[in-house]
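Here the structure comes first, spelled out in structure tokens, and everything after it is commentary.
In my numbering, the protein residues as written are 1357 to 1882.
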């Protein structure tokens, strides 16, 4: 029967998934559940505890007291140095521990520590991230001596250990009454999707879209690039001993900078990033090609070009997320925004080494939920909702008709969960980038016919107001108009043209037909 054949093939299928996801350690049941092979029963394995102390019960047993979070949140909120408030007391995380259930009654010679596991980390992986493209892939971790070899094999990449904590811990002392200042740098982790070799793909208009059903994705907290430094100790508390405790180096010393007497050091100092992984569905979109007059590259060496292009790609990501969620009537948080990745544009007229980026969206749930698959199957529908909405499409139509909004608002792209991105978000850049994907002839304002679109409506007037503001604020600056574009002159010597963020404003302009920018540059003598 079909069931018998499935049972017989199951061991081989499990082995293949273990090999594909490089699973040499960690929770096998979680991997099989996330891969959609077998159901998982019992407590959710992705919930992690911050253990902050112990409460004495009537039978003289001490039960662990904790705060719990999903691992994706825990690697940020419970990272060493982070402070959490519970019952008006403030607890500070100092490191990682085995999942502790409690301490057995003290009327024995040596109390036993009840644990679910024997290590402070459920899994370690080598994470290898390209410094330019930000693409990431993982390798099995055996020992730290592998690092030098991996660095040699992956030039131009950052190589570091990604560790998945089993549980988090404080110093187990009474909480403070208020938060203390602590000079520690931690940042909210982004999602990174590993690249797969054979995704489903479509090429239409001026875009290429790809969909993969089983992709390993990561959330990584690398302490703002500094990594977390610490070592293993055994923690002696009276006659109880907590073994294999990983403590951040900042908390190994007391206030007088002496080693704390309750710590028995059993390991060398090491550097790690906090990570969590899951297997889920991933959608990618990237431009098929860009006109020579456009330069939309978030990884450009030009910091202004890089910032504006990042704003465009992340704004478009959130617009697609909200549009898809609105159509499917689901919470936008069910669709995650992954880190954008550098993408090399194909050769055009013999010109190479031009780059742009990929937008990446993933399902939030492990093993996926089919949302980004829907985006892949009906992408043209969602693209049109974003750039050419009808009055009946209330969310998208309200965005393009809100001309008074000069970047983004809580009515369109902003929400309290994406506050890290607020300085970058701009609905005009989002719609403009998606229109570039939709129409290879659209040049973001380099042609006069582009100005009929809502994202460019009033743009020339807006740039004029910026130029006039500069002239009003500085005596040495005078407003100037160069052909149809606006700008200013500094000290009657240096001409400056205000350009659209998507334009290629380099001095070496392509030898194609003249456009608004090239005419203005000629008039300005640039």
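Each residue gets a CB set at the ideal place from its N, CA and C atoms; glycine is no exception.
Query	Result
Would you kindly report the start and end of the unbroken beta strand (DSSP E) that includes residue 1812?	Residue 1812 -> no beta strand (DSSP E), and no H or E assigned at all.
Taking all protein chains shown into account, decide if residue 1509 is buried (16 or more other Cβ within 10 angstroms of its Cβ) or exposed.	exposed
Which of the three DSSP states, helix, strand or coil, is assigned to residue 1614?	coil
Between the Cα of residue 1457 and the Cα atoms of 1672, 1511, 1598, 1848, which residue gives the shortest distance?	1598
Using 8 Å for Cβ pairs, my map puts residue 1649 next to residue 1802. What's the rounded Cβ distance?	5 Å
Starting from the C-beta of residue 1848, find all residues in its chain whose C-beta is less than 8 Å away, skip the five residues before and the five after it, and write them out in chain order.	1834
Kindly list the residues whose CB is nearer than 8 Å to the CB of residue 1814, restricted to its own chain and excluding five residues on each side of it in sequence; keep chain order.	1759
Could you please give the first and the last residue of the uninterrupted alpha helix (DSSP H) stretch that includes residue 1667?	1659-1684
Do residue 1426 and residue 1402 have their C-beta atoms closer together than 9 Å?	yes
Are residue 1842 and residue 1816 close, meaning C-beta to C-beta below 9 Å?	yes
Please name the residue, chosen from 1423, 1520, 1408, 1789, that lies closest to residue 1641 on a Cα-to-Cα basis.	1789
What are the uninterrupted segments assigned as beta strand (DSSP E) that are 3 or more residues long and contained completely in the stretch 1508-1574, given in chain order?	1513-1521, 1523-1525, 1546-1549, 1556-1560
Secondary structure at residue 1807, three-state DSSP: helix, strand or coil?	helix
Going by C-alpha to C-alpha distance, which of 1721, 1515, 1495 sits closest to residue 1504?	1515
One question on the structure: do residue 1587 and residue 1602 come within less than 9 Å of each other, judged by their Cβ atoms?	yes
With distances taken Cα to Cα, identify the nearest neighbour of residue 1555 among 1562, 1567, 1548.	1567
Would you be able to state if there are at least three C-beta pairs under 8 Å between the stretch 1669-1687 and the stretch 1776-1796?	yes
Quick one: what's got a C-beta closer than 7 Å to residue 1618's C-beta in the same chain, skipping five residues either side?	1591, 1592, 1593
Does the beta-carbon of residue 1530, which I'm using as the reference point, lie nearer than 8 Å to any heavy atom of the ligand ADP?	This structure does not include the ligand ADP; it has no bound ligands of any sort.
Mind pulling the beta strand (DSSP E) runs of 3 or more residues that sit fully within the stretch 1775-1860?	1833-1838, 1841-1846, 1850-1853
In angstroms with no decimal places, state the Cα-to-Cα distance between residue 1558 and residue 1735.	10 Å
Where does residue 1369 fall in DSSP's three states?	helix
Are the CB atoms of residue 1647 and residue 1741 within a distance shorter than 9 Å?	no
Counting pairs of beta carbons, one from the stretch 1709-1727 and one from the stretch 1678-1691, are three or more of them closer than 8 Å?	yes
When burial is assigned at 16 or more other CB atoms within 10 Å of the CB, is residue 1697 buried or exposed?	buried
So, with DSSP's three-state summary, where would you put residue 1749?	coil
With a cut-off of 8 Å on the beta carbons, I'd call residue 1805 and residue 1839 a contact; round off their distance for me.	So it is not a contact: roughly 17 Å between Cβ atoms.
Given that a residue counts as buried once 16 or more other Cβ atoms are within 10 Å of its Cβ, and exposed if not, what is residue 1459?	buried
Run through DSSP, which three-state label would residue 1489 get?	coil
Put residue 1477 into one of helix, strand or coil per three-state DSSP.	strand
Do residue 1584 and residue 1492 come within 9 Å of each other at the CB atom, strictly closer than that value?	no
Measure from the alpha carbon of residue 1608 to the alpha carbon of each residue in 1419, 1703, 1437, then state which is nearest.	1437
I believe residue 1674 touches residue 1769 by the beta-carbon criterion, under 8 Å. Please report the beta-carbon distance rounded to the nearest angstrom.	5 Å
Less than 9 Å between the beta carbons of residue 1451 and residue 1524, yes or no?	yes
The alpha helix (DSSP H) that contains residue 1433, what's its start and end?	1427-1433
Taking 6 Å as the limit between beta carbons, can you name the residues of its chain near residue 1465, skipping five residues before and five after?	Any reading at residue 1465 must be qualified, since the residue scores a pLDDT of 47, below 50, and its modelled position is unreliable; the value itself is stated next. Once the five neighbours on either side are set aside, residue 1465 has no close Cβ partner at all.
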